[in-house]
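In what follows, a structure is listed as structure tokens, so that the remarks can point back to it.
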Amino acid sequence: FEIFGWFEIQCAHTDIEPIAAEIARIDNVFSISRFFENPFLLVMVFAGDMAELKAIMSRCAAVEGVDALCADLSLGDACIKTGIAAL
Numbered sequence: 007f008e009i010f011g012w013f014e015i016q017c018a019h020t021d022i023e024p025i026a027a028e029i030a031r032i033d034n035v036f037s038i039s040r041f042f043e044n045p046f047l048l049v050m051v052f053a054g055d056m057a058e059l060k061a062i063m064s065r066c067a068a069v070e071g072v073d074a075l076c077a078d079l080s081l082g083d084a085c086i087k088t089g090i091a092a093l
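When we follow our numbering, the leftmost residue of the sequence shown carries the number 7, and every step to the right adds one.
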């Protein structure tokens, strides 16, 4: 993958379980962290290029209950290794 991205997801309500479950079904989403206040979700994704990243962002933003999405990304090769902080 060429792009590793983080999406901060602001939710319209505090019942985030259905929102997280729907986002978890999106291809290339590999991690979702939940927080006690907005942004309630931090979603980590891999993408092959910017077009794929934009498509993933659009699918996340279209989930019912998502108010806003803020994206950060890392360009270049990414590889997951086992262990804490081994990215």
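From the three backbone atoms N, C-alpha and C, an ideal C-beta is built for every residue, glycine too.
Note that the structure is a prediction, hence the values are computed from the model and not measured.
**N- and C-terminal bounds of the beta strand (DSSP E) containing Arg40** = 35-40
**Asked** Which residues mark the beginning and the end of the alpha helix (DSSP H) in which Ile15 is found?
**Response** Run containing Ile15: none in the alpha helix (DSSP H); it sits in the beta strand (DSSP E), 9-17.
**Item:** Cβ distance (whole Å) where Leu47 is taken to contact Ala26 below 8 Å
**Value:** Contact between Leu47 and Ala26 holds, with the beta-carbon distance rounding to 6 Å and staying under 8 Å.
**Request:** Rounded to whole angstroms, what's the CA-CA distance from Glu70 to Val35? Just pull it up for me.
**Result:** 17 Å
**Request:** Please state if the CB of Gln16 and the CB of Asp73 are separated by a distance shorter than 7 Å.
**Result:** Contact flag set, yes.
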